[in-house]
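Engineer: Following my numbering, the numbering of the sequence shown begins with 589 at its first residue and continues without gaps.
For every residue, glycine included, the Cβ atom is placed at its ideal position computed from N, Cα and C.
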Amino acid sequence: MSLPAVLLAAGSSPSPSPSPTGSTAVTVPTLQDAQESATNAASWVEQNWSTWLAIGLRVLLILVIAGVLRAVVQRAITKLIDRMTRTAEAVDGTSLGGLLVNNERRRQRSQAIGSVLRSVASFLILGTAALMVLGAFQINLAPLLASAGVAGVAIGFGARNLVTDFLSGVFMILEDQYGVGDTIDAGVASGEVIEVGLRVTKLRGAEGEIWYVRNGEVKRIGNLSQGWATAGVDVTVKANEDLDKLKATLDEVAEKMSAEEPWNELLWSPIEVLGLDSVLLDSMVVRVSAKTMPGKSLAVERELRWRVKRAFDAADIRIVGGETAVATALDVADPAETVAAPSAHANPDSPQSAAATPIAPQRTAPK
């Protein structure tokens, strides 16, 4: 017996009689209803399979292109960073490399720049791919983009300081304004950089304290570790000193210090006597200066002052300064300063002594 005949016979069979209790009868789906449902599903799949297949292939193509493009971009960024690192290694061994940041500093900066570029590229590529996938499923992107725009504006207003700090940190890294190990003056704080982030820069002060400086709050930066530093010493002497003797003594100190270790490595230029910085009635200031290794100017200044003081003592050149310069008249002590002035009462014939003599009591004559 064929399947249509069986289905027809099942369809013509009498329906079950209602229950004597009077409850609502439950409709039992027949084989004909199942056949119609299967036929409708098969026809719907047959009509739409090409559309779903096209959508699937489109989504797969978008994902493949996004993955390949992301890999290519990240590979190009990695090669660019490696080339920057190799260029830094080549420059670091030359004389120009001494005036620039060292190899490790450039390597850290290159890695930070590469990490930022890779993150930005991944966000742009994957975000665009996600929007294209949603568009392939016939999803209206206008409300989504409008909501994202409103949310972005709200977040921008609420977290504008955070965005400012982030952008400032990115430009600081890209422009190589400072790095780990540099000594900087950021205006709000100064010290040695121990960590550079996209939002916060961490500094260690002169007394060991740690400063957390937001990148967006930094208005100016003075980097004391790039290039070279200047060590300057002002020597104040009396105005009547012999200038030729003074310059010869300073030149001798500079020559000896430049030839001794470790100062010969810290000094990047000869110590120069620049001449008279100022001349007053009772004193004059001689300026001594030299270029030093970054961050070593204070040590050179202290050593230079020490040597200048010893050389001046040996050459009998007096160093004065400030309020002590006006006291040059007291160089030779007067031995009479400790002796009191003679008193007028020491002479018994003086009017002062007579006036101070007590009056003798007068005796009354007897009657």
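Look up Gly863 in the DSSP assignment and say whether it is helix, strand or coil.
Structural biologist: strand
Engineer: Hey, quick one: how far does the alpha helix (DSSP H) through Trp964 stretch, first residue to last?
Structural biologist: As shown, the chain starts at 589 and ends at 955. That puts residue 964 outside it, with no answer to give.
Engineer: With distance defined between alpha-carbon atoms, name the residue in Gly715, Ala724, Ser703 nearest to Leu641.
Structural biologist: Ala724
Engineer: Can you tell me the Cα-Cα spacing of Ala742 and Ser707, whole angstroms?
Structural biologist: 23 Å
Engineer: Which class does Gly723 belong to by DSSP, given the choice of helix, strand or coil?
Structural biologist: helix
Engineer: Here's the rule I'm using: 16 or more other beta-carbon atoms within 10 Å means buried, otherwise exposed. How should Phe711 be labelled?
Structural biologist: exposed
Engineer: Excluding five sequence neighbours on each side, which residues of the same chain lie with their C-beta closer than 8 Å to the C-beta of Ala913?
Structural biologist: Confidence in Ala913 is poor, its pLDDT being 43 and thus under 50, which makes the residue's placement unreliable; the coordinate value appears in the next sentence. These residues qualify, in order along the chain: Thr824, Lys826, Leu868, Asp870, Ser871.
Engineer: Between Leu705 and the rest of its own chain, which residues show a CB-CB distance below 7 Å, the 5 nearest in sequence each way excluded?
Structural biologist: Ile665
Engineer: Quick one: residues in its chain with C-beta nearer than 8 Å to the C-beta of Thr916, no 5 flanking neighbours on either side, listed in chain order?
Structural biologist: Confidence at Thr916 is low in this model, with a pLDDT of 47, below 50, so the placement of that residue is unreliable and no value is reported for it.
Engineer: Using only CA atoms, which one of Val821, Trp894, Ile905 lies nearest to Asp865?
Structural biologist: Minimum Cα distance to Asp865 is reached at Val821.
Engineer: To the nearest angstrom, how far is it from the Cα of Ser698 to the Cα of Gln814?
Structural biologist: 17 Å
Engineer: If we ignore side chains and look at the alpha-carbon of each, how far apart do Val768 and Ala819 end up?
Structural biologist: 23 Å
Engineer: Can you tell me whether Met881 is helix, strand or coil according to DSSP?
Structural biologist: coil
Engineer: State buried or exposed for Ala817, treating a residue as buried only when at least 16 other CB atoms are found within 10 Å of its CB.
Structural biologist: buried
Engineer: Could you check if Ala878 is buried or exposed, using at least 16 other CB atoms within 10 Å of its CB as the buried criterion?
Structural biologist: buried
Engineer: So, with DSSP's three-state summary, where would you put Asp773?
Structural biologist: strand
Engineer: Are Asn803 and Leu791 close, meaning C-beta to C-beta below 9 Å?
Structural biologist: no
Engineer: Measuring alpha carbon to alpha carbon, tell me which of Asp764, Glu763, Gly796 ends up nearest Glu778.
Structural biologist: For clarity, residue 778 is Ser in the given sequence; the question names Glu instead. Nearest option by C-alpha distance: Gly796.
Engineer: Counting Cβ pairs closer than 8 Å, one from the stretch 881-899 and one from the stretch 854-862, do we hit at least three?
Structural biologist: In short, these stretches touch, since the Cβ pair count reaches three.
Engineer: Residue range of the alpha helix (DSSP H) that Val751 falls in?
Structural biologist: 748-762
Engineer: Quick test of your reading: Gln662 and Ala709, contact by CB under 8 Å. State the CB separation rounded to the nearest angstrom.
Structural biologist: 7 Å
Engineer: Out of curiosity, what's the CA-to-CA distance linking Ile798 and Val781?
Structural biologist: 10 Å
Engineer: Under three-state DSSP, which class holds Val741?
Structural biologist: helix
Engineer: In whole angstroms, what is the alpha-carbon distance linking Arg646 and Gly757?
Structural biologist: 40 Å
Engineer: Are the CB atoms of Ala899 and Glu840 within a distance shorter than 9 Å?
Structural biologist: yes
Engineer: What residue range does the beta strand (DSSP E) around Thr824 cover?
Structural biologist: Note, Thr824: beta strand (DSSP E), 817-826.
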